[in-house]
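What follows is a set of notes on a single structure, which appears directly below.
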Amino acid sequence: MQTIAFNPSFDRYNTLSDAECEERIRAARAKLGKKAVLLCHHYQRADVYQHADLTGDSLKLSRLAAQAESDYIVFCGVHFMAEVADIMSKPNQIAILPDLAAGCSMADMANLAKVTRAWRELGEVLGEDPANQVTPVTYINSAADLKAFCGERGGIVCTSSNARTIAEWAFARRPKVLFFPDQHLGRWTGHQLGMPLIDMVVWDPDLEYGGLTPEQIKNAKILLWKGHCSVHQMFQKSHIDAFRAKHPEGIVIAHPECNFEVCAASDHVGSTEHIVKTIKEAPKGTRWLVGTELNLVERLAREVAPDDKIVQFMATTICMCSTMQRIDPQHLAWTLENLVEGKVVNRISVPAHEAELARLALDRMLAVS
Ligand code: 13P
Ligand code: SF4
2 MQTIAFNPSF
12 DRYNTLSDAE
22 CEERIRAARA
32 KLGKKAVLLC
42 HHYQRADVYQ
52 HADLTGDSLK
62 LSRLAAQAES
72 DYIVFCGVHF
82 MAEVADIMSK
92 PNQIAILPDL
102 AAGCSMADMA
112 NLAKVTRAWR
122 ELGEVLGEDP
132 ANQVTPVTYI
142 NSAADLKAFC
152 GERGGIVCTS
162 SNARTIAEWA
172 FARRPKVLFF
182 PDQHLGRWTG
192 HQLGMPLIDM
202 VVWDPDLEYG
212 GLTPEQIKNA
222 KILLWKGHCS
232 VHQMFQKSHI
242 DAFRAKHPEG
252 IVIAHPECNF
262 EVCAASDHVG
272 STEHIVKTIK
282 EAPKGTRWLV
292 GTELNLVERL
302 AREVAPDDKI
312 VQFMATTICM
322 CSTMQRIDPQ
332 HLAWTLENLV
342 EGKVVNRISV
352 PAHEAELARL
362 ALDRMLAVS
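For the sequence shown, my numbering assigns the number 2 to the initial residue and increments by one for each residue that follows.
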């Protein structure tokens, strides 16, 4: 099997119409049969999502990747998700991301050099005292080397759907948590555990000692990495206030990557899978305001419209996950037609030692959640 990172022949696909791509994707999938499975995140654009074998949030997709039997796992999502698929799948399986530029801007807000420095500085301030030890917890939206960092230090991975359980696991072991890279998920999770906001401090990775005094570090229970999602930061409490003023009977649901004020003002907070399930199972005729990515919200609005449910997007401006959007019908057709010819393009392959340590942290998460 030939593996290539960049196939210049992609240029040919750039000029194909979406309709041509759709036809070619279907034909390639028919030829590949059970050799390839298409996993799709809920934010994937409709013209790609329609081809999914299996869909889900990050937790569900990591389990599905671990259970997959096909030779190829074609991941329509972002880079860290395809890395998890590679780590969790069997050694003979191949994980593929149709466009390598599909990253996650939040995941990029933490890197190994900065996290290693934070860990060292925390160690300097907190010393060996057992009453001051820290568990590193990384959100699944992070590079594989950060998952490995956690695996090696008794830490763990969490997703938006299990963060509370994972935080309980961490606090049962050590009294403090370093949570990266999403400060908002970390803060909301601490709040769910009943922790006052004052016990959580923001660690700015671009400043020495996170910009904190030794006292602040010693007093904190959760050190929140200064990272966020560029999509979810667009949602504001004023959007919820305006909706409630107009539709007092309306229900508000938000993803925990939204800021604290938005989560606190919402009726429900949960992962993308939770949002989809909650609205699909809601009584007919209900009205919803949803704080998460636009592709998911628009698809859900279409799907529940026959039940007279109204689903509204929380922000007044368009905010999509522009990186996930890069997985388009052209890249999918290119990827699949290459597989039909026996060529693997855009393989995601985590180095063996890193994968082994990252898997430790992921397995801990799956065992607890
Ligand atoms: P979910 O795990 O809830 O699907 O979230 C992933 C994500 O990146 C949300 O922005
Ligand atoms: Fe990353 Fe935000 Fe896109 Fe989710 S929506 S994949 S956190 S950039």
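Built from N, CA and C at the ideal position, the CB exists for glycine as well.
List the whole-angstrom C-beta distance separating residue i from residue j, where the pair is believed to meet the contact cut-off of C-beta under 8 Å.
i: T336; j: V351; result: With 8 Å as the limit, T336 and V351 do not qualify as a contact, their Cβ atoms being about 19 Å apart.
i: S272; j: T160; result: 7 Å
i: H80; j: A96; result: So it is not a contact: roughly 11 Å between Cβ atoms.
i: V263; j: I280; result: Between I280 and V263 the Cβ distance is about 17 Å, and since that is not below 8 Å, they are no contact.
i: L363; j: V158; result: 5 Å
i: G187; j: I223; result: 6 Å
i: G251; j: L301; result: Rounded, the Cβ-Cβ distance is 15 Å, inconsistent with contact.
i: A114; j: P182; result: So it is not a contact: roughly 13 Å between Cβ atoms.
i: P215; j: V126; result: 5 Å
i: A316; j: H240; result: 6 Å
With distances taken Cα to Cα, identify the nearest neighbour of residue i among the options.
i: A111; options: A145, Y73, S370, L17; result: A145
i: Q68; options: F181, V38, G124; result: V38
i: A356; options: L40, M82, C77, I88; result: I88
i: C105; options: Q313, H229, M366, D268; result: H229
i: R175; options: A221, L295, I328; result: A221
i: V253; options: Q313, M325, R300, C77; result: Q313
i: D72; options: R46, S59, L98, K36; result: K36
i: V75; options: C151, L33, E129, G211; result: L33
i: L225; options: E258, R365, A316, K310; result: E258
i: S162; options: G156, F150, L147, W189; result: W189
i: L194; options: I26, W170, Y210; result: W170
i: E274; options: L147, C22, A31, K61; result: K61
Let me confirm a value: residue i is counted as buried when at least 16 other C-beta atoms fall within 10 Å, else exposed. Which label applies?
i: N260; result: buried
i: I199; result: exposed
i: K278; result: exposed
i: L123; result: buried
i: I319; result: exposed
i: H233; result: buried
i: N142; result: buried
i: A353; result: exposed
i: M2; result: Confidence at M2 is low in this model, with a pLDDT of 48, below 50, so its placement is unreliable and no value can be given for it.
i: L208; result: exposed
i: K91; result: exposed
i: R365; result: buried
i: D329; result: buried
Tell me whether the beta-carbon of residue i lies closer than 8 Å to the beta-carbon of residue j.
i: V178; j: A168; result: yes
i: A86; j: V341; result: no
i: T293; j: I276; result: yes
i: Y14; j: Q331; result: yes
i: L358; j: E153; result: yes
i: R327; j: D48; result: no
i: G78; j: M321; result: no
i: A246; j: V270; result: no
i: H42; j: M82; result: yes
i: T166; j: V369; result: yes
i: A119; j: W204; result: yes
i: L98; j: I311; result: no
i: K285; j: D309; result: yes
Quick one: what's residue i bridged to in DSSP?
i: A168; result: Its beta-bridge partners do not exist; DSSP assigns none.
i: A359; result: Its beta-bridge partners do not exist; DSSP assigns none.
i: P137; result: L179
i: Y73; result: A37, I95
i: Q51; result: Its beta-bridge partners do not exist; DSSP assigns none.
i: L225; result: F180, V203
Answer yes or no: the CB of residue i versus the heavy atoms of the ligand MN, is any distance below 7 Å?
i: T160; result: Judged by which ligands are present, the ligand MN is missing from the structure shown, whose ligands are the ligand 13P and the ligand SF4.
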